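Here the structure comes first, spelled out in structure tokens, and everything after it is commentary.
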Amino acid sequence: GLNWTRIGSNMPMVAVYDIELNTIENKLIAGTFARGIWTMGLNEITEVEEIIRTDDGVLSLYSNPVKDILHFKLNEIKVIEATLTNSNGQIVYSDKIASSDSKFSLPVQSLPDGIYWVEAKAGGKRWVEKFVKYN
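Under my numbering, the first residue of the sequence shown is numbered -10, with each subsequent residue one higher.
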């Protein structure tokens, strides 16, 4: 899949190289490189949130790569919950923000160079887009 969402909280944010389904015990088993084997009961999963692909033009980033300010537009949406996540899966910013014209700006000058994801949630929907931060 193009978009992945973390489920559970007992597994560190590391790459998973092997994943299996134990249908007898109804568990998901994930193997990580040199970090261990992690399991999760599938009965623990209560909700799957719909991810809207951004190629539909709903979420548009402009000026990507970004140096100081991340600018983006979310068509016809005025208030969002915005989250920035780094390539290690750590949330580096999270807040509710509003805009009168559906254009949003987030300061990113204090972030180290790297790859990040901006996530916008509104009206029970979620949009995610990748951007590159540089100095």
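The beta carbon of each residue, even a glycine, is placed where N, CA and C say it ideally should be.
Since the structure is predicted, the reported quantities are computational estimates derived from the model, not experimental observations.
Contacts around residue 76, its chain only, beta-carbon distance under 6 Å, and the 5 residues preceding and following it disregarded | Within the same chain, residue 76 has close Cβ partners 103, 104.
Note down, in chain order, each residue of its chain lying with its Cβ closer than 7 Å to the Cβ of residue 10, except the 5 sequence neighbours on either side.
-> Taken in chain order, the residues that qualify are 17.
If you scan the region 54 to 100 from start to end, which runs of the alpha helix (DSSP H) of 4 or more residues do you find wholly inside it?
-> Counting only runs of 4 or more, we get nothing.
Quick one, which of 53, 86, 21 has its alpha-carbon nearest residue 3's?
-> For the set 53, 86, 21, the Cα lying nearest the Cα of residue 3 is the one of 21.
For residue 49 versus residue 63, is the C-beta distance shorter than 9 Å?
-> Contact: yes.
Residue 6 versus 15, 14, 13, 19, residue with shortest Cα-Cα distance | Nearest to residue 6 by alpha-carbon distance, out of 15, 14, 13, 19, is 19.
When we look at the beta-carbon of residue 69 and count the other beta-carbons within 10 Å, is it buried (16 or more) or exposed?
-> Looking at its Cβ environment, which holds 16 or more other Cβ atoms inside 10 Å, residue 69 is buried.
Excluding the five sequence neighbours on either side, which residues of its own chain have a C-beta within less than 8 Å of the C-beta of residue 84, listed in chain order?
-> For residue 84, where only same-chain residues beyond five positions count, the Cβ hits under 8 Å are 70, 71.
What number of angstroms, rounded off, separates the C-alpha of residue 100 from the C-alpha of residue 12?
-> Computed Cα separation, rounded: 43 Å.
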